[in-house]
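In the UniProt record's numbering, the protein residues as written are 1 to 784.
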């Protein structure tokens, strides 16, 4: 980054902080009176003055002019010659929005930065400040042209700094910002690390923290692998102890033989004597080995305890660096609610509680858009105007609250309003018109499930489309984003009185507590927060209602679904007298899933599947165990909705894992440098009967082909040492391997890349971004 670019970046960050303080200050001024109000206006005046000076230093005339006029408006308010009415506040807000749009580098063709808009905003500010045009020209000199372009500057070209007379020093924006609940401390690319009371802050690029967190996650996996090694040492020690017990059972015969060998005239052959002495030495060696293994086991256990403590401490410390207060995203919420309320002649009081709760930045960034949509929806749909509220016996001011709290490993966000609530009858009618439900389903649809229909894409009960709502997209975005965070949504509403929407999201996306379950030959995990209970029931407890298997747990009847059938994964063929069930809960819906076995809960380090495989049904991610096994983490939201027939979004046939419909024990060689992709493909193919081998790159695959030949090869393209195309050419050019079917499964999508793959000798070319498990099986069958 050049000196000019660094200077402009500093300017952007400085002005962004100034804008936040001015926005929040205006909001607070409108809600305060007396001496506190006067102090806020003086503080805003100093900030506007500082912003003007910063813009002058880099030659940004438009920001300088707007800052100057805002300063003069506030001077008149302080002098008592101008009242800060909502209309005057709107004029100041327009100035702040103009500067914000300029900093964001808005398209010149955008009306928000057209010359007409700029002149209109500046003229309105000029009139509010009581400034004449000739005064403006004389005060700005050469800066009279209000350019919105970010200037190209050099350090040498900067004007000499001149002292600016102010009554008090300008504020340091990064310490104690005006509204304590709405401080914006970070941009989208950097985070501010507060080192401690009285210490300095440090801005760190988020990508650096992401990389550090990824490395810590690898350390946690290494710790789990050490745990596995310790278990192996313990098993080895037990084997030696077992041998010692067996030896003690025959040691008497050994001693008698030793005594006989020492008797005069012993007739034992030399071979037997040699064997006896070998056994004696062997017993001493194994006893010494047992002692050494006991010491090693103890020391490894101590080392693992220390490593676990250090790894957990490091992970917590690094995670804390990524944590940001919830208030970092709430800076614009008060302003947004205020502007929409004024447009619709409503009086709304937004109260934010728990703004200091810290959340991982990735989760926090993903939460902002859903919260914006929920707040806008509450203002537009939920809360009534003052006249309607008066008719209904409510206070003129509507109350909207946003509450944040942490419960264990979850962040809970509650959005409540005292508006008109959900009209369930209208929702059902609209859902029927849209074809989301049938008449038969309408009769049995509960109010809870009906309210969840508003999160369906395109669903809206508003007949008019406005700039605020009516397209039915906002609530779908809410559902998509929250479930993308492995979260869930709950809705409660009393018609005519209130609505409460609760969001549950994890504190962090890298570690979760999960319950392990066994299904056939596979092991899966389910996030613990979605598990209501786990039980083993007598099969006689299962009954049938309307053709569906049901069970009653804790006095709650619920459907019983075989998880293997849902995932299309072969489970145990035997159904004994006892059935193992895990109950998953989504809002008020509970489903009991039958599995082959249940294991204890454990902490899991999550590994992303990648965008190519992220759209798999029922799969939320993957976790790497200490044994090196990749464990698939199931999406409990998908499972419950599918089991209850309430799958949201476009109706799709569940792909899951394919049925076992291919010949057994055909050998497949998978070649891919991604351990997650290799393991996922291996699990899919082994589940239907294939014998699978894996290679991490083309060179290893070619060496494996020299020892044994598979029935089909599935390979990635971009790999180290030997690419998939080079491997395909080798396979198809060698007389001993040219008849092996070769399938390329890659993320390369361009037609030219597909043609290159086929020209290299591939028999089929599949794209990961359109990855379909059934298509993979059908492709394998077609090339065999």
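A virtual CB, placed ideally from N, CA and C, is assigned to each residue, including glycine.
>> Let's test the definition: count the other Cβ atoms within 10 Å of the Cβ of residue 310 and tell me whether it reaches 16, buried, or not, exposed.
In response: exposed
> Buried or exposed: which applies to residue 312, given that a residue is buried once 16 or more other Cβ atoms fall within 10 Å of its Cβ?
Replying inline: exposed
>> Residues in the same chain with beta-carbon distance under 7 Å from residue 64, minus the five sequence neighbours each way, listed in chain order, please.
In response: 52, 55, 56, 143
> Of all the options 103, 130, 59, which has the alpha carbon lying nearest to the alpha carbon of residue 81?
Replying inline: 130
> So residue 289 packs on residue 250, CB below 8 Å; how close in whole Å?
Replying inline: With a Cβ gap of about 19 Å, residue 289 and residue 250 do not count as contacting.
> Taking C-alpha atoms, which residue in 688, 425, 621, 739 lies nearest to residue 710?
Replying inline: 739
> Roughly how far, in whole angstroms, is the beta-carbon of residue 553 from the beta-carbon of residue 587, given that I think they are within contact range, below 8 Å?
Replying inline: No, residue 553 and residue 587 are not in contact; Cβ-Cβ is about 17 Å, not under 8 Å.
> Counting only runs that start and end within the stretch 73–109, where is the alpha helix (DSSP H) found for 4 or more residues in a row?
Replying inline: 86–103
> Mapping DSSP to helix, strand and coil, what is residue 506?
Replying inline: strand
>> Only counting the same chain, and skipping five residues up and downstream in sequence, which positions put a Cβ closer than 6 Å to that of residue 411?
In response: 359, 505, 507
> Measuring CB to CB, does residue 236 end up less than 8 Å from residue 293?
Replying inline: yes
> Opposite residue 499 in the DSSP bridges: which residues?
Replying inline: 417, 493
> What is the DSSP secondary structure of residue 482, counted as helix, strand or coil?
Replying inline: helix
> Between the stretch 700–710 and the stretch 631–640, are three or more C-beta pairs nearer than 8 Å?
Replying inline: no
>> Pairs of beta-carbons, one from the stretch 321–334 and one from the stretch 19–27, closer than 8 Å: are there three or more?
In response: yes
> Using the C-alpha atoms, what's the distance from residue 635 back to residue 620?
Replying inline: 5 Å
>> With DSSP as the reference, identify every bridge partner of residue 693, one or two as the case may be.
In response: 669
>> Suppose contacts are defined by Cβ-Cβ distances below 8 Å. Is residue 495 in contact with residue 421 by that definition?
In response: yes
>> Within a Cβ cutoff of 6 Å, which residues of the same chain sit near residue 515, ignoring the five residues on either side of it in sequence?
In response: 526, 528, 531, 601
> Are residue 560 and residue 546 close, meaning C-beta to C-beta below 8 Å?
Replying inline: no
> Among 564, 582, 323, which residue has its Cα nearest to the Cα of residue 551?
Replying inline: 582
>> Let me check understanding here. Comparing Cα to Cα, which of 487, 486, 501 lies closest to residue 493?
In response: 501
> For the 8 Å Cβ check, are there 3 or more pairs between the stretch 210–220 and the stretch 267–279?
Replying inline: no
>> Mapping the DSSP letters down to three states, classify residue 786 as helix, strand or coil.
In response: Any question about residue 786 goes unanswered here, given that the chain covers just 1 to 784.
> Should residue 719 go down as buried or exposed, given a rule of 16 or more other Cβ atoms within 10 Å for buried?
Replying inline: buried
> Does residue 503 get closer than 8 Å to chain D when you measure Cβ to Cβ?
Replying inline: Looking for chain D here will not work: only one protein chain is present.
> If you compare alpha carbons, which of 641, 565, 256, 596 is closest to residue 580?
Replying inline: 596
> Taking the continuous beta strand (DSSP E) assigned at residue 714, which residues delimit it?
Replying inline: 712–715
> Could you give the distance in angstroms between the alpha-carbon of residue 424 and the alpha-carbon of residue 450?
Replying inline: 7 Å
> Does DSSP put residue 762 in a helix, in a strand, or in coil?
Replying inline: coil
> Where does residue 11 fall in DSSP's three states?
Replying inline: helix
>> So within the stretch 331–393, which uninterrupted beta strand (DSSP E) runs reach at least 3 residues, ignoring any that extend past its ends?
In response: 347–353, 358–360
> Between residue 125 and residue 72, what straight-line distance do the alpha-carbon atoms span, to the nearest angstrom?
Replying inline: 9 Å
>> In the DSSP output, which residue or residues are listed as bridge partners for residue 406?
In response: 411
>> Check whether the stretch 475–493 and the stretch 334–346 touch, using three or more Cβ-Cβ pairs below 8 Å as the test.
In response: no
> So, helix, strand or coil for residue 580, using DSSP?
Replying inline: strand
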